[in-house]
Every structure is written in C-alpha cells, then in structure tokens.
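Asks: In our numbering, the protein residues as written are 32 to 511.
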Amino acid sequence: MFRRVVRQSKFRHVFGQAVKNDQCYDDIRVSRVTWDSAFCAVNPKFVAIIVEASGGGAFLVLPLSKAGRIDKSYPTVCGHTGPVLDIDWCPHNDHVIASGSEDCAVMVSLFPHLGGRVCLVTIQSSSLPVVVLEGHSKRVGIVTWHPTSRNVLLSAGCDNVIFIWNVGTGEALVTLEDQHPDLIYSVCWNRNGSLICTSCKDKKIRIIDPRKEELLAEREKAHEGARPMRAIFLSDGNVFTTGFSRMSERQLALWNPENMEEPITVHEMDTSNGVLLPFYDPDTNVVYLCGKGDSSIRYFEITDEAPFVHYLNTFTTKEPQRGMGYMPKRGLDVNKCEIARFYKLHERKCEPIIMTVPRKSDLFQDDLYPDTAGPDCALEAEDWYEGKNGDPILISLKHGYVPGKNRDLKVVKKNILDNKLSKNCENTDPAAKMATPTPSIKNEAKLDEILAEIKAIKDLVSSHDKRLSKLEDQLSKMDI
Numbered sequence: 032m033f034r035r036v037v038r039q040s041k042f043r044h045v046f047g048q049a050v051k052n053d054q055c056y057d058d059i060r061v062s063r064v065t066w067d068s069a070f071c072a073v074n075p076k077f078v079a080i081i082v083e084a085s086g087g088g089a090f091l092v093l094p095l096s097k098a099g100r101i102d103k104s105y106p107t108v109c110g111h112t113g114p115v116l117d118i119d120w121c122p123h124n125d126h127v128i129a130s131g132s133e134d135c136a137v138m139v140s141l142f143p144h145l146g147g148r149v150c151l152v153t154i155q156s157s158s159l160p161v162v163v164l165e166g167h168s169k170r171v172g173i174v175t176w177h178p179t180s181r182n183v184l185l186s187a188g189c190d191n192v193i194f195i196w197n198v199g200t201g202e203a204l205v206t207l208e209d210q211h212p213d214l215i216y217s218v219c220w221n222r223n224g225s226l227i228c229t230s231c232k233d234k235k236i237r238i239i240d241p242r243k244e245e246l247l248a249e250r251e252k253a254h255e256g257a258r259p260m261r262a263i264f265l266s267d268g269n270v271f272t273t274g275f276s277r278m279s280e281r282q283l284a285l286w287n288p289e290n291m292e293e294p295i296t297v298h299e300m301d302t303s304n305g306v307l308l309p310f311y312d313p314d315t316n317v318v319y320l321c322g323k324g325d326s327s328i329r330y331f332e333i334t335d336e337a338p339f340v341h342y343l344n345t346f347t348t349k350e351p352q353r354g355m356g357y358m359p360k361r362g363l364d365v366n367k368c369e370i371a372r373f374y375k376l377h378e379r380k381c382e383p384i385i386m387t388v389p390r391k392s393d394l395f396q397d398d399l400y401p402d403t404a405g406p407d408c409a410l411e412a413e414d415w416y417e418g419k420n421g422d423p424i425l426i427s428l429k430h431g432y433v434p435g436k437n438r439d440l441k442v443v444k445k446n447i448l449d450n451k452l453s454k455n456c457e458n459t460d461p462a463a464k465m466a467t468p469t470p471s472i473k474n475e476a477k478l479d480e481i482l483a484e485i486k487a488i489k490d491l492v493s494s495h496d497k498r499l500s501k502l503e504d505q506l507s508k509m510d511i
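1. To test your reading of the DSSP string, which unbroken alpha helix (DSSP H) runs of 4 or more residues are found completely within the stretch 380-421?
2. Taking the alpha-carbon positions, what's the N446 to G201 distance?
3. Go ahead and pull the three-state DSSP assignment for Q282.
4. Beta carbon of V340, beta carbon of T302: below 8 Å?
5. Check this for me: beta carbons of R63 and E83, under 8 Å apart or not?
6. Taking only the alpha-carbon atoms, compute the straight-line gap between E503 and Q396 and give it to the nearest angstrom.
7. Measure the alpha-carbon distance for Q352 versus S96 and round it to whole angstroms.
8. Give every residue of the same chain whose Cβ lies closer than 7 Å to the Cβ of G147, excluding the five residues on either side of it in the sequence, and list them in chain order.
9. What whole-angstrom Cβ distance do L185 and T175 have, given they're in contact under 8 Å?
10. Go through its chain and collect everything with a Cβ distance to T348's Cβ below 7 Å, but skip five positions before and after it.
11. Is the stretch 316-334 touching the stretch 359-379, taking contact as three or more C-beta pairs under 8 Å?
12. Report the start-end ranges of each alpha helix (DSSP H) in the stretch 177-250 that is 4 residues or longer and not cut off at the edges.
13. Whole angstroms are fine: how far does the CA of E480 sit from the CA of V492?
14. Roughly how many whole angstroms lie between the Cα atoms of G268 and K391?
15. Would you report the Cα separation of M509 and Y342, rounded to the nearest angstrom?
16. How is the beta strand (DSSP E) around I328 delimited, first residue to last?
17. Would a C-beta distance cut-off of 8 Å place T387 and V78 closer than the cut-off?
18. Give the straight-line distance between the Cα atoms of K232 and V171, rounded to the nearest whole angstrom.
19. What is the DSSP secondary structure of R170, counted as helix, strand or coil?
20. Mind reading off the beta-carbon distance from G254 to Q282? Whole number of angstroms is fine, and I expect it under 8 Å.
21. Between the alpha carbons of K51 and K380, how many angstroms are there, rounded?
22. Alpha carbon to alpha carbon, how far is I59 from F42? Give it in angstroms, no decimals.
23. I need the DSSP call for G362, collapsed to helix, strand or coil.
24. How is S132 classed by DSSP in three states: helix, strand or coil?
25. Give the straight-line distance between the Cα atoms of V73 and G356, rounded to the nearest whole angstrom.
26. Sort D119, W66, T65 by Cα distance to L91 and report the nearest one.
27. Grouping DSSP H, G and I as helix and E and B as strand, with all else coil, what is R34?
28. Please report how far the alpha carbon of F264 lies from the alpha carbon of I227, in whole angstroms.
29. Classify R353 as helix, strand or coil using the three-state DSSP reduction.
30. Quick one: what's got a C-beta closer than 6 Å to T469's C-beta in the same chain, skipping five residues either side?
31. Using CA coordinates, which residue listed in L93, A404, P212 is at the minimum distance from V108?
32. Give me the residue from E249, N304, N287, A98 with the minimum Cα distance to S276.
33. DSSP beta-bridge partners for I118?
34. List the endpoints of the continuous beta strand (DSSP E) containing L91.
35. Which residue comes first and which comes last in the beta strand (DSSP E) that contains H341?
Set out below in structure tokens:
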C-alpha cells in the first residue's frame, strides 16, 4: 500500500493574510493598458502604481504610511506622453524610480525627501524628470535596474532592442540589437549582474553576456504554447520559467544554463490563460507565482532534491488581481516572521498581502532571515562596464532594517540633476522651498545623534537578552 510521505520544510505552513480595509490604498484608478507587467513597484518607503491618465501616461507614488482613501487631487508622476507600461525602483536609492512608456522613452525620476516624507512639490513638477533616456524606436515595455551596480538600468522595447544605460551620464553603455527577432517578453539579471536571461515571442529562452554582446546559451520552444513566457535567474545560476504548453496548460520549468537540451523539471498547473508573473526570494529559494487575472498566489520551494520544485501552498482571495508589487526583503517586519509581502492591485484599490511563517518564539528567527541584499551597491557603472563583477552587499535583519542615508543620484551629463532640482525649487512658493533634498547641518547632526542613541539602546537590549538566556540556563540546571 502506497503511503504519502509529507516533505519536511519550514515553509510548508506559510500562510497569507490580507490586511484590514483601513490599511489598503483606496480609490486608485489602476491602468487598463493591455500589457503583461506588474503595474506596481514597492520598496521599504514607497509604493508606486501605474494609473489611468488623460493625455499621456502617469503613475502614483505613495508613502507606505499613506493608507486609506487617496484623494483624486493627489499628484501623479506624469512626464510621459503615452501610457506607462513598466516601473522599477532603484535597489540602491529608495527615492529613485525608472519608468518605460508607449512614448518610446525611459524616464528616471527622483523624489527628494524631508523628514521621511516624499516631496510633493517635486511630484507636481515631475513633468520634468531627472533623466530622459531616448533610443528606442517603439514602446518600452521593460525596465529593470542592475542588482549590484549603481546607476545601471536596462530597458527593452517592442523594437526588439535591449539598451543598458548609465543613468549617471544619460548614455547607453550596451545596445543589443541582433539577438531577438521578435517581441521580448521578459529580461532578468543574474545574482551579480554579469548575465541576463530573456524570453521572446519566438519561444526561445536566451542567456546573454551583455558586455560581450555574446549569446551563451539558448533553448528553442522552452514552452510550446503561443502565450507569453517569463524567465528569471535563481541564486544558484539556474533559470526558472513560466509559460504555456501546446494544449494551453500553464507550465513552470527549471533549466540548467550549462545544458539547455532538457529541463531539470517541468510542472503543468492549470488551463487558465493569465500570464504567470514569478517573484523570487533568493534568501529562502521560494518562488511566488501570481497570474494576471487570477485571484490566487501559488508558492513553491526550489531545492536540490527531486522533483526540485516543491509545491507549498496557495493563497486565494475573491477578487482577481490586475497587477502585483513585491516588497524587498529588507522592508519586511521580522518581528512578525513575515517572509514576503505583496501589494495586490484591484480595479480601484491596492491591497497589501502578508505571508507569514507561524512561530511561537518571540526571538529572531535566523533560519528565516539569512543576511539579505542591502541598499549599498558593490560597483559603479564604469567598473561594471569595464568587466568587473560584484556580489550583492549583504545586511543582517536581526535588529530590523534601519534605512541609511541614500546617496543622491548624480547625473554628470550637463549636471542635469542639479539644474532641474534648482528650477523646481525656484518655481515654487517660499513654503515649498522647505522641501529641499539636502538637509541642514543641524538636522544631520540631530539625525546622527538619534541613530546613535537607537544603536546604543539596541546594544543594551541585546546584552540583557544574552544575560537573561544565561540565567535561564542556570535556573534550568538547578534542582528546586
């Protein structure tokens, strides 16, 4: 008689929970554009959502704390002349965001801050972005930042061309024109940003060295269906893909770039027609799959043991999702054992969904939170272009993530950043001049003093925790 063996995993009991209504972002007109991007980008400070706009394209930038009903007069970022198709926050500066649009342009916007709040003056005058990157001849559907190098941004357009830009100078470092004969569905960097993997309408998955402009590996008909595919790099260098079979069943597959002849494993899921968007946590090797138009999030753990991709669970709600944002690990609440947070887009609202591993202990869970990629970059754009590679600089989440001082995005070419920031301040009323991105020396000193006191208190609490543990051990050994 066959007995089913339940696989042991610390993520087997992960459960999802939507937040209460008063913690959602309501009355938002989410974009109706027919494009298979996430429509939402999140970092530890802001959530950005692509919205409907008359006469051009726009997206909304909200501080995470601004939950509730969003006033219709709330300013949007509206520099594009066509609908916005994709947005992505810079991993090295939480106040910088890139956007791609049907107007064939890539724009990079900077939001100065004062006291932790976004500067609304800058949003209102954001028809003048910090940097405009022009080179595509058709709409730009993909923008993604380099994971470890400062100011390096990749864009892919419907002209089948990939540009890699140095945002600091506003110039293209790399142009990949001949690798893709058809529409590019997705582009993903590997862990240290030395390679990219792409999925294309010609049903091929490609591994490319962008600096050498060299195709390293490819697989024809990775998924035989006609619907769009997605491909992402995993931390071990393997490639995870989602797509459709010849019978229109949704599939997921795992590939070894060293041998793309046969997949490591293939799983068929269901017959829904929504494109599966994969979100990957490299620290825990968990992949979350969110289908556009679905009302569920499926999650899988990837290991070295067959069948390699292990189904964990499914989180289901009543409403279908129009898009999805994924919070970086450093923005999670480690005190609640939160291992992922999604921002689900409905037709008129954004709903945070929290994924939690149930634990009884109040202590920091080291096994759930290994050191994760922090906001510091390992390389400058010039170093990366010259051939250097750098792994992500890791930070510990043991005492909760404390945001450091973001280094400003510096645009060297014609000093664009300084010019536009100064014009923004000159064209606003005197009260708006308070919202300058450069804090006073007095404020900096006060900030340093507060951070130092916080660190001292945390050190004191940590020492007391250790002492308490020792006393409890001694007590347990005593005969009472």
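All residues carry an ideal CB built from backbone N, CA and C; glycine is no exception.
Replies: The structure says:
1. Within the stretch 380-421, the complete alpha helix (DSSP H) segments of 4 residues or longer fall at 412-416, listed in chain order.
2. As a first step, residue 446 is located in the sequence shown; it is residue number 415 there, counting from the start. As a first step, residue 201 is located in the sequence shown; it is residue number 170 there, counting from the start. Bear in mind that the predicted position of N446 carries a pLDDT of just 40, short of 50, making it too unreliable to give a figure here.
3. The residue given as residue 282 occupies position 251 in the sequence shown. Judged by DSSP in its simplified three-state form, Q282 adopts strand.
4. One-based indexing of the sequence shown puts residue 340 at position 309. One-based indexing of the sequence shown puts residue 302 at position 271. No, Cβ-Cβ distance for V340 and T302 is not below 8 Å.
5. Sequence index remark: in the sequence shown, residue 63 carries index 32 (1-based). Sequence index remark: in the sequence shown, residue 83 carries index 52 (1-based). For R63 and E83, yes; Cβs fall inside 8 Å.
6. If you number the sequence shown from 1, residue 503 lands on position 472. If you number the sequence shown from 1, residue 396 lands on position 365. The alpha-carbon atoms of E503 and Q396 are separated by roughly 19 Å.
7. Along the sequence shown, one-based indexing puts residue 352 at 321. Along the sequence shown, one-based indexing puts residue 96 at 65. If I take the Cα positions, the gap works out to 22 Å.
8. Walking along the sequence shown from the start, residue 147 turns up at place 116. Note that G147 has pLDDT 43, beneath the 50 cutoff, so the model's placement of it is unreliable and the number below is only indicative. None.
9. In the sequence shown, the residue the question calls residue 185 occupies position 154. In the sequence shown, the residue the question calls residue 175 occupies position 144. L185 to T175, Cβ: 5 Å. Contact.
10. In the sequence shown, the residue the question calls residue 348 occupies position 317. Excluding five sequence positions before and after T348, the CB atoms of its chain that fall closer than 7 Å to its own CB belong to A49, S326, given in chain order.
11. The stretch 316-334 makes contact with the stretch 359-379; the number of CB pairs closer than 8 Å reaches 3 or more.
12. Correct list: empty.
13. The count along the sequence shown starts at 1 and reaches residue 492 at position 461. The count along the sequence shown starts at 1 and reaches residue 480 at position 449. Taking the CA atoms as reference points, V492 sits about 19 Å from E480.
14. Translated into the one-based positions of the sequence shown, residue 268 becomes position 237. Translated into the one-based positions of the sequence shown, residue 391 becomes position 360. Taking the straight line from one Cα to the other gives about 35 Å.
15. Position 478 of the sequence shown, counted from the start, is the residue given in the question as residue 509. Position 311 of the sequence shown, counted from the start, is the residue given in the question as residue 342. In a straight line, the C-alpha of M509 is about 46 Å away from that of Y342.
16. Position 297 of the sequence shown, counted from the start, is the residue given in the question as residue 328. 327-333 is the span of the beta strand (DSSP E), which, as asked, contains I328.
17. Along the sequence shown, one-based indexing puts residue 387 at 356. Along the sequence shown, one-based indexing puts residue 78 at 47. Cβ distance not < 8 Å, so T387 and V78 don't count as in contact.
18. Against the sequence shown, residue 232 aligns to sequence position 201. Against the sequence shown, residue 171 aligns to sequence position 140. Their Cα atoms are separated by approximately 16 Å.
19. As a position in the sequence shown, residue 170 is number 139, starting the count at 1. Of the three classes helix, strand and coil, the one that applies to R170 here is coil, per DSSP.
20. Translated into positions along the sequence shown, residue 254 becomes position 223. Translated into positions along the sequence shown, residue 282 becomes position 251. Per the sequence presented here, residue 254 reads as His, with Gly not at that position. H254 to Q282, Cβ: 6 Å. Contact.
21. The residue you call residue 51 lines up with position 20 of the sequence shown. The residue you call residue 380 lines up with position 349 of the sequence shown. So the alpha carbons of these two residues sit roughly 13 Å apart.
22. Translated into positions along the sequence shown, residue 42 becomes position 11. Translated into positions along the sequence shown, residue 59 becomes position 28. Distance between the alpha carbons of F42 and I59 is about 33 Å.
23. As a first step, residue 362 must be located in the sequence shown, where it is residue number 331. Correct three-state label for G362: helix.
24. Within the sequence shown, numbered from 1, the residue matching residue 132 stands at position 101. Under the three-state reduction of DSSP, S132 is assigned to strand.
25. The residue labelled residue 73 in the question sits at position 42 within the sequence shown. The residue labelled residue 356 in the question sits at position 325 within the sequence shown. Rounded to the nearest whole angstrom, the CA to CA distance from V73 to G356 is 6 Å.
26. For the purposes of this step, residue 91 is taken as the residue at position 60 of the sequence shown. Scanning D119, W66, T65 for the CA closest to the CA of L91 turns up D119.
27. Along the sequence shown, one-based indexing puts residue 34 at 3. Reliability of the predicted coordinates at R34 is poor, the pLDDT of 38 falling under 50, and no value is obtained from them.
28. Stepping through the sequence shown from its first residue, residue 264 is reached at position 233. Stepping through the sequence shown from its first residue, residue 227 is reached at position 196. Approximately 8 Å between the Cα atoms of the pair.
29. If you number the sequence shown from 1, residue 353 lands on position 322. In this structure, R353 counts as coil in the three-state DSSP scheme.
30. Within the sequence shown, the letter at position 438 stands for residue 469. For T469, the predicted structure reports a pLDDT of 41, less than 50, and the residue's modelled location is therefore unreliable. A value from the coordinates is still provided. Around T469: no qualifying Cβ.
31. For the purposes of this step, residue 108 is taken as the residue at position 77 of the sequence shown. Nearest of L93, A404, P212 to V108, Cα basis: L93.
32. Taking the first residue of the sequence shown as position 1, residue 276 is located at position 245. Comparing Cα-Cα distances from S276 to each of E249, N304, N287, A98, the minimum goes to N304.
33. Here residue 118 corresponds to residue number 87 of the sequence shown, with the count starting at 1. Paired residues: S130.
34. The residue given as residue 91 occupies position 60 in the sequence shown. Element bounds for L91: 89-94.
35. The count along the sequence shown starts at 1 and reaches residue 341 at position 310. H341 -> beta strand (DSSP E) spans 340-347.
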